[in-house]
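Novice: Here it is, the structure, as structure tokens.
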Amino acid sequence: MGTNGSTMLEPLRQGLPPLDPSAVSSAASCALPARYEAVGSARQFTRKTLVSWEMDERFDDIALVVSELVTNALRHALPADTPRAACPVAGAEDAPVRLHMMRWTSRLVCAVRDPSDESPVAREEAEDDFSAESGRGLFLVDSFSDGWGWHPLAGALNGKVVWALFQLA
Numbered sequence: 001m002g003t004n005g006s007t008m009l010e011p012l013r014q015g016l017p018p019l020d021p022s023a024v025s026s027a028a029s030c031a032l033p034a035r036y037e038a039v040g041s042a043r044q045f046t047r048k049t050l051v052s053w054e055m056d057e058r059f060d061d062i063a064l065v066v067s068e069l070v071t072n073a074l075r076h077a078l079p080a081d082t083p084r085a086a087c088p089v090a091g092a093e094d095a096p097v098r099l100h101m102m103r104w105t106s107r108l109v110c111a112v113r114d115p116s117d118e119s120p121v122a123r124e125e126a127e128d129d130f131s132a133e134s135g136r137g138l139f140l141v142d143s144f145s146d147g148w149g150w151h152p153l154a155g156a157l158n159g160k161v162v163w164a165l166f167q168l169a
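What follows is the structure, encoded as structure tokens:
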């Protein structure tokens, strides 16, 4: 595992159930530009990653959660003046949102990094109003994962990481 993966684990350690970072069996990440089309890219990346890890039977639940986490990052965590151009971001390091997937023997973590310091807020009324156009994202994340949380980034990186945990058979 490269430094990107181990650096990514630093803010996650406090809020996740005990996980040994040295025991990560696989890790992958992708940069996502500030466009809503990036949600589709995140789903494609998730499918490709899960297939390579021979976990494609978990795609539906994991992709739903990834889609919600990425949508929330794009909708709520980017400054209002962030360009949302139709062309891809020139360099991956310029991408404001990044998806990380880390797999242990019995657990998988999907984490989305964004530049906002604001905590994610679950709208409680979303549980009662399934006809609402938005506001159900974190309710769905909570429903389809085995736990989720968030942490501010440490060190030179600004922003936060919102993660979801999946128990594996």
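If you're matching positions, the sequence shown starts at 1 in the numbering used here and goes up one per residue. From the three backbone atoms N, C-alpha and C, an ideal C-beta is built for every residue, glycine too. Predicted model, so just to flag it, every value in this text is computed and none were measured.
Assuming contact is defined by CB atoms lying nearer than 8 Å, are leucine 50 and isoleucine 62 in contact in what I supplied?
Specialist: Here residue 50 refers to the residue found at position 50 of the sequence shown. Here residue 62 refers to the residue found at position 62 of the sequence shown. In contact: leucine 50 and isoleucine 62 (Cβ atoms closer than 8 Å).
Novice: At which residues does the beta strand (DSSP E) containing alanine 156 begin and terminate?
Specialist: By 1-based counting over the sequence shown, the position of residue 156 is 156. Taken as a continuous stretch (DSSP letters only), alanine 156 belongs to no beta strand (DSSP E), as it is neither H nor E.
Novice: In whole angstroms, what separates the C-alpha of leucine 78 from that of valine 66?
Specialist: Mapped onto the sequence shown, residue 78 falls at position 78. Mapped onto the sequence shown, residue 66 falls at position 66. Cα to Cα, leucine 78 sits roughly 17 Å from valine 66.
Novice: Once DSSP output is grouped into helix, strand and coil, what is the label at alanine 126?
Specialist: As a first step, residue 126 is located in the sequence shown; it is residue number 126 there, counting from the start. A caution first: alanine 126 carries a pLDDT of 43, below 50, which makes its placement in the model too unreliable to give a value.
Novice: Taking DSSP's pairing of strands, which residues face phenylalanine 166 in a bridge?
Specialist: Counted from its first residue, the sequence shown places residue 166 at position 166. According to DSSP, phenylalanine 166 bridges with Leu108.
Novice: Measure the beta-carbon distance from cysteine 110 to alanine 28 and round it to whole angstroms, keeping in mind my assumption that it falls under 8 Å.
Specialist: The sequence position of residue 110 within the sequence shown is 110, counting from 1. The sequence position of residue 28 within the sequence shown is 28, counting from 1. Not quite, the Cβ-Cβ distance comes to about 10 Å (not below 8 Å), so this is no contact.
Novice: Does the distance from the C-beta atom of phenylalanine 176 to that of leucine 99 stay below 8 Å?
Specialist: Outside the modelled stretch of the chain, which goes from 1 to 169, sits residue 176, for which no answer is possible.
Novice: The alpha helix (DSSP H) that contains serine 52, what's its start and end?
Specialist: As a working mapping, residue 52 is identified with position 52 in the sequence shown. Serine 52 -> alpha helix (DSSP H) spans 38-52.
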